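Number of protein chains: 2
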Amino acid sequence: MKLRFYNGLVLTAEDMEIRSGEVRTNGDTITYVGAEKDTDGEKFDREIDLHGNLIMPSFKNAHTHSAMVFLRSYADDMPLHDWLFRQVFPMEDKLAPEDVYIFTKLAALEYFSGGTTACFDMYFYPEYIAKAGIDAGLRTVLCGSVSGGDDKADYDSALSRLEEYYNKFNGSDPLISFKIGFHAEYTTHISILKGIAELAKKYRQPVYTHNSETESEVRECIGRHGKTPTALMEELGMFEYGGGGFHCVYLTDDDMEIFRRHGAWVITNPCSNCKLASGIAPLAEMREKGIGLAIGTDGAASNNALDMFREMYLASTLQKIRMNDASAMPADAVLEMAVKGSALAMGLDRCDVLAAGKKADMTVIDLDMPNMQPLHNIVKNIVFAGNKTNVRMTVSAGKIVYENGTFPTLDAEKIFAEANAAVKALMNR
Amino acid sequence: MKLRFYNGLVLTAEDMEIRSGEVRTNGDTITYVGAEKDTDGEKFDREIDLHGNLIMPSFKNAHTHSAMVFLRSYADDMPLHDWLFRQVFPMEDKLAPEDVYIFTKLAALEYFSGGTTACFDMYFYPEYIAKAGIDAGLRTVLCGSVSGGDDKADYDSALSRLEEYYNKFNGSDPLISFKIGFHAEYTTHISILKGIAELAKKYRQPVYTHNSETESEVRECIGRHGKTPTALMEELGMFEYGGGGFHCVYLTDDDMEIFRRHGAWVITNPCSNCKLASGIAPLAEMREKGIGLAIGTDGAASNNALDMFREMYLASTLQKIRMNDASAMPADAVLEMAVKGSALAMGLDRCDVLAAGKKADMTVIDLDMPNMQPLHNIVKNIVFAGNKTNVRMTVSAGKIVYENGTFPTLDAEKIFAEANAAVKALMNR
C-alpha cells in the first residue's frame, strides 16, 4: 500500500512547528515528508486530500492493560482496596486466554478511533495479546508482568517464563516486541527482583514496572527494604540499561535523580491516578530535571477510557492546579510526550516522528470542527480543546485502520458482539 | 415537527434508571415518554430507530461566556494575571457587537456537537447573544454582567441597563430569558451591589455572579467588607429568591450554609478552575450538605473547550483526588448535575427531565462504539468513558440541530469562515 497525504499541514514532532506539506508512505514506512511536490507519475494506492487538516505522528499509549476494557464501568466510585480485591481480582481470576484475545481487540478499536496505534501492554496471556495485536494491526510492546513469592517454585517459573517470553516475542513479528518487566515491588519477592536484574544485565535490556503509584506502596517498600522502590531497583542494578516506571506519583527527589542519571522514563497515567485518588505525579519537576516523560492510559477499569486526548489534558492541567501556576506544563511539551516520548519510552523502532525511513504510524486531525476554531495555535487546540471527534483517520504501520468513524480492516460489530458474549460467559463462570 | 424515537433506551433523569422505551415530540414539547407502543396511525415527520442507543435530556451549560471562543488557544500556559490583563482584556476591548454574534454562533455549533442545547451566558452585547441564540436555535439564558465603580454615573447606567435588560429579554422569545446578575464583587462597587439587591427584591428574582473563584478574591472582599462575598450578598438580601454562584471554589462552611439555606445553586467549572490553577471546589461537601449543584464550562479562553463530557469527568475525578477517596462524587450524581441540575440552576422552564409536557431538549448517545463497550453500567460509561464522539444527535426545542457530524439547521462552513474573518479583523483593529 502506497499512500500520499497532500494539501495539508504537517507536525513532524522532530520539532513542534506546524508546516504546510505532504507525507508519502510505502508499506509500513514513510518515504517522504516535506514541501508538496510533483508526483512525477508515481502511482499511489490512495492520494488523500487533507483539505488543510493536520497529519502528525499517532499517539502511543505507554502504559495500559488493554484487555481490562472488560471491566469498564463494572466497579467504580468505591474505595481503591475494595475495587481491587473485591471486584477486579476475582473477575481477572476467571479470565480465559481467548477472553484476553477478544478484549484486546476491543481495546484496539478504541485506540484506533482515538489516533493511537501502539500500546505498551502488561497483562496475562501475552501470546493472546500478541495475536490480537497482529490480527488488529496494533503495534504492541508486551511488558513482562512477573510477580511472586518467597519460594523456589515461584522463582523458577517467574524467571524462566520471563526469559522464554523475551526470546520468543522479540523478532517474532514486525508489530510485536517484548520488554523485561515485573508487576511491582510490592507483589514480587526480592529474590525474584534479583533474578530479573540478572536477566536484564544478561540481555543488556531496560526494566519496566509499576513504581510508586501510591503513598502506601512507597512506605511499605521502605519498611521492607529500607529504601524506596526506585532506590531498591537501582541497588539491584535494574536501571543499567534504562527502563521506566509506570505512574511514578510519589518519586522522591533522590528517586528522580536516579531516573535522570539512568535515562529511565517516567510514564504518567493522570486519569487513572485521579480516578483512583492516587495523587498527581510531579511532572513539572521531572521535566525541569530533564527526565524523559511519556503518557499512558492505564487499563479501562480504572480510567475508564483509552483516550490520549483526555490524558494530555490532565497531564497539563493537573500540573497547573498542583503547582498553583497556570503556566506549568505547557501544551507542546505534553503533545510531544504523547506521540514521541511514549514511542521512545516503549523502545519502539522508528515510530517517534514523521520523517523518511520512519514507520508510517500517523493520525489526521480534523481542524474544520467547532472546537478547533479559530486556529490561533493548533498544538494548544489539540491539547486543551481536542477530543476524539477530531480524529479523522488513523494509519498504523502504513495501513488505514480508522477513517471517519469506520474501521476498514476490522469488523467492529463482530468484535462488540464477541466481547459482550465473552463478558456474559465470564460473569456466569 | 413531530418526532418519534423508538427501539432504544431512555434515561429520563426523573430518576437515573435506564429503561427501554420511546419518546415522542410535537413542536418544542415532549408528548410521550414511556414503553414502546403502537402509533395508531399517528403521523410523524421522522420516526427514528435508535437501534438500542440511549436518548436522554441534553446537557445544559450553566456558566459560560460563549463568544470567548474567539480567544481559544490565543493565550495559555501563562500566569493568570498576565493572561487576563495582557491578553484577554485588551482583546475584549476591541470586540464589536457583530463579533459577539458570530462568535456565539460558533460556540452554538460546539454545544450542539456535544449534546448541549442551552447555556447561561454572561457577556457583552446581550442583544447580539440573544440574536445568535435565536438564529442558531440555542436556548440562552442571559446573565446580567453589571460591574462598575464609585460614582453616580456608573450606578445609574449599571442599574438602569440591568432593569431594562430584565424587562426587554424576558418574554421576548421562547428561547431567551434574562437573569439578574453582576460580574463579581471585586469588580462592582458596594453601592451598585445594593442597587442590584433592591432590583432583585422588586422583581422577586434570584441573583447570579462569579463567586469565590480564587483565594485572593475572597481575601480581598474580607478586607473591603469584613466578610466573604457570599456573606456580603446575604447581608444585602441578594439571596432572598435564590440565585447562584459561578465557580465557588473557596466557599467557607458558613458560605455553604448560606447557599443551602436559600436554595442557591453552586455552578461548578472544574476544567477552567484546573487550567487557570484556581483550585478544586469542595463539591463533595456541598452535595453532602444538600446544596444544589450544576455544571458549566466557563469560556473557551480558559478551558479551552465547551465540552460537558470533560466537565463531568473532572467534576467527579477531581473530588476523588481532593478527598483521597475513590468513592467520592459518583457518576450518577454528576450526570444528574449536568442535565437536570444545570437546567434548574439557570431557571429554564421544563427543560430538566424527559416527560410529557417538558421541552424537547434531548441528545442521543451512541452506545455502539468501542469506548461504550461492554455495557456494565451506561451512566458510568457516559461519565467516565464518554466523549463527544458518542453524541449521535442533538435535539433543541424539538428541532434536530446536530446529527452524525452534521448541522442540519446551520451552515457550519460559513460560520467558521465568518468567525475566522472576524478574528482576523479584530487582531488588526
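In order, the protein sequences belong to chains C and U. So for the first sequence, our numbering puts the first residue at 1; every next one is plus one. So for the second sequence, our numbering puts the first residue at 430; every next one is plus one. Using N, Cα and C, we set each Cβ at its ideal position, and we do this for glycine too. Keep in mind it's a predicted model, so treat the numbers as computed, not measured.
Give me the DSSP bridge partner(s) of K359 (chain C). For this step, residue 359 (chain C) is matched to residue 359 along the first sequence. In DSSP, K359 (chain C) forms a bridge with C:T29.
Could you please give me the residues that DSSP links to R139 (chain C) through a beta bridge? Walking along the first sequence from the start, residue 139 (chain C) turns up at place 139. Residue pairing by DSSP places R139 (chain C) opposite C:A118 in a beta bridge.
If you measure from the beta carbon of M497 (chain U) to each beta carbon in chain C, is any gap under 8 Å? In the second sequence, residue 497 (chain U) corresponds to position 68, counting from 1. With 8 Å as the cut-off, M497 (chain U) does not count as an interface residue toward chain C.
Pairs of beta-carbons, one from the segment 782 to 798 of chain U and one from the segment 357 to 366 of chain C, closer than 8 Å: are there three or more? no
I'd like to confirm the pairing. Which residues does DSSP put opposite F5 (chain C) in its beta bridges? By 1-based counting over the first sequence, the position of residue 5 (chain C) is 5. The beta-bridge partner set that DSSP reports for F5 (chain C) consists of C:V23, C:I48.
Would you list the residues sitting across from H639 (chain U) in a DSSP beta bridge? As a first step, residue 639 (chain U) is located in the second sequence; it is residue number 210 there, counting from the start. DSSP, once it has assigned bridges, lists U:A613, U:F675 as partnering H639 (chain U).
Between the CA atoms of H65 (chain C) and M122 (chain C) - distance to the nearest angstrom: If you number the first sequence from 1, residue 122 (chain C) lands on position 122. If you number the first sequence from 1, residue 65 (chain C) lands on position 65. When rounded, the distance between both Cα atoms is 5 Å.
L712 (chain U) beta carbon less than 8 Å from that of M741 (chain U): For the purposes of this step, residue 741 (chain U) is taken as the residue at position 312 of the second sequence. For the purposes of this step, residue 712 (chain U) is taken as the residue at position 283 of the second sequence. For M741 (chain U) and L712 (chain U), no; Cβs fall outside 8 Å.
How many angstroms separate the CA atom of K630 (chain U) from the CA atom of I609 (chain U)? On the second sequence, position 201 is the one that residue 630 (chain U) refers to. On the second sequence, position 180 is the one that residue 609 (chain U) refers to. One C-alpha to the other measures close to 11 Å.
For the segment 255 to 281 of chain C, which residues have a CB atom closer than 9 Å to at least one CB atom of chain U, in sequence order? Hits within the stretch, in order: C271, N273, C274, K275, L276, A277, S278, G279, I280.
What does the alpha-carbon distance come out to for the pair F259 (chain C) and N324 (chain C)? Translated into the one-based positions of the first sequence, residue 259 (chain C) becomes position 259. Translated into the one-based positions of the first sequence, residue 324 (chain C) becomes position 324. Each residue's alpha carbon lies about 25 Å from the other.
Listed by chain order, chain U residues near N61 (chain C) by CB distance under 7 Å: Locating residue 61 (chain C) in the first sequence gives position 61, counting from the first residue. What N61 (chain C) touches in chain U, judged by beta-carbon distance under 7 Å, is nothing: the nearest beta carbon there is about 14 Å away.
For L9 (chain C) and S58 (chain C), what's the separation of their Cα atoms in angstroms? For the purposes of this step, residue 9 (chain C) is taken as the residue at position 9 of the first sequence. For the purposes of this step, residue 58 (chain C) is taken as the residue at position 58 of the first sequence. About 15 Å.
Compute the beta-carbon to beta-carbon distance between I563 (chain U) and L571 (chain U), rounded to the nearest angstrom, for a pair I have assumed lies under 8 Å. The residue you call residue 563 (chain U) lines up with position 134 of the second sequence. The residue you call residue 571 (chain U) lines up with position 142 of the second sequence. Not confirmed; about 12 Å, so no contact.
Buried or exposed for T835 (chain U), please, with buried defined as at least 16 other CB atoms from any protein chain shown within 10 angstroms of its CB. For the purposes of this step, residue 835 (chain U) is identified with residue 406 of the second sequence, where counting begins at 1. It is exposed - the Cβ of T835 (chain U) has fewer than 16 other Cβ atoms within 10 Å.
Please identify the residue among C:G245, C:V334, C:L95, C:N390 whose C-alpha is closest to the C-alpha of N371 (chain C). The residue you call residue 371 (chain C) lines up with position 371 of the first sequence. The candidate whose alpha carbon is nearest that of N371 (chain C) is C:N390.
Locate the alpha helix (DSSP H) running through G652 (chain U), then write down its first and last residues. Within the second sequence, the letter at position 223 stands for residue 652 (chain U). Segment 644 to 654, the alpha helix (DSSP H) holding G652 (chain U).
Nearest-angstrom Cα distance between L747 (chain U) and I844 (chain U)? As a first step, residue 747 (chain U) must be located in the second sequence, where it is residue number 318. As a first step, residue 844 (chain U) must be located in the second sequence, where it is residue number 415. Rounded to whole angstroms, L747 (chain U) and I844 (chain U) show a C-alpha spacing of 35 Å.
Hey, does T389 (chain C) have any beta-carbon neighbour from chain U nearer than 8 Å? The sequence position of residue 389 (chain C) within the first sequence is 389, counting from 1. True, the Cβ-Cβ gap to chain U drops below 8 Å.
Considering Cα atoms alone, identify which of U:P699, U:G692, U:R690 is closest to Y679 (chain U). Taking the second sequence and counting its residues from 1, the one referred to as residue 679 (chain U) is at position 250. Minimum Cα distance to Y679 (chain U) is reached at U:P699.
Restricting to runs no shorter than 4 residues, where is the alpha helix (DSSP H) found entirely within the segment 259 to 288 of chain C? 270 to 275, 283 to 288
Tell me, please, whether the segment 329 to 344 of chain C touches the segment 287 to 295 of chain C by the rule of three or more beta-carbon pairs shorter than 8 Å. yes
With distances taken between CB atoms, is the gap from S216 (chain C) to T228 (chain C) smaller than 8 Å? Sequence index remark: in the first sequence, residue 216 (chain C) carries index 216 (1-based). Sequence index remark: in the first sequence, residue 228 (chain C) carries index 228 (1-based). Not a contact, by the Cβ cut-off of 8 Å.
G242 (chain C) to A264 (chain C), Cα distance in whole Å? Locating residue 242 (chain C) in the first sequence gives position 242, counting from the first residue. Locating residue 264 (chain C) in the first sequence gives position 264, counting from the first residue. Rounded to whole angstroms, G242 (chain C) to A264 (chain C) spans 5 Å at the Cα level.
Compare the C-beta of A397 (chain C) against all C-beta atoms of chain U and say whether one is closer than 8 Å. Position 397 of the first sequence, counted from the first residue, corresponds to residue 397 (chain C). Taking Cβ atoms only, chain U never reaches closer than 8 Å to A397 (chain C), which makes this a no.
L604 (chain U) in three-state terms, based on DSSP: Mapped onto the second sequence, residue 604 (chain U) falls at position 175. If DSSP states are grouped into helix, strand and coil, L604 (chain U) belongs with coil.
Which full runs of the alpha helix (DSSP H) of 4+ residues lie inside the segment 300 to 369 of chain C, going along the chain? 308 to 323, 331 to 336, 342 to 345
Express the C-alpha separation of S316 (chain C) and R840 (chain U) in angstroms, rounding to a whole number. For this step, residue 840 (chain U) is matched to residue 411 along the second sequence. For this step, residue 316 (chain C) is matched to residue 316 along the first sequence. One detail in the question is off: residue 840 (chain U) reads as Asp in this sequence, not Arg. Those two C-alpha atoms are separated by around 34 Å.
When C:T187, C:L3, C:G237 are compared against C221 (chain C), the one with the closest alpha-carbon: Looking up residue 221 (chain C) in the first sequence gives position 221. Among C:T187, C:L3, C:G237, the Cα nearest to that of C221 (chain C) belongs to C:T187.
Taking three-plus beta-carbon pairs below 8 Å as touching, is the segment 390 to 405 of chain C in contact with the segment 71 to 82 of chain C? no
Can you tell me where the beta strand (DSSP E) holding L483 (chain U) begins and where it ends? For the purposes of this step, residue 483 (chain U) is identified with residue 54 of the second sequence, where counting begins at 1. L483 (chain U) -> beta strand (DSSP E) spans 483 to 486.
Taking Y125 (chain C) as the reference, which of C:I102, C:R139, C:N377 has the closest Cα? Translated into positions along the first sequence, residue 125 (chain C) becomes position 125. Checked all of C:I102, C:R139, C:N377; the closest Cα to Y125 (chain C) is C:I102.
Just checking, does the segment 289 to 305 of chain C make contact with the segment 337 to 350 of chain C on the three C-beta pairs under 8 Å criterion? yes
Since G673 (chain U) and V695 (chain U) are thought to touch, with beta carbons under 8 Å apart, how far apart are those beta carbons, to the nearest angstrom? Along the second sequence, one-based indexing puts residue 673 (chain U) at 244. Along the second sequence, one-based indexing puts residue 695 (chain U) at 266. About 7 Å; that satisfies the 8 Å criterion.
By the three-class DSSP mapping on this structure, what secondary structure does M856 (chain U) have? Position 427 of the second sequence, counted from the first residue, corresponds to residue 856 (chain U). It is helical.
Kindly indicate the opening and closing residues of the alpha helix (DSSP H) around K817 (chain U). Numbered from its first residue, the second sequence carries residue 817 (chain U) at position 388. Looking at the DSSP string, K817 (chain U) is not in any alpha helix (DSSP H), and its letter there is neither H nor E.
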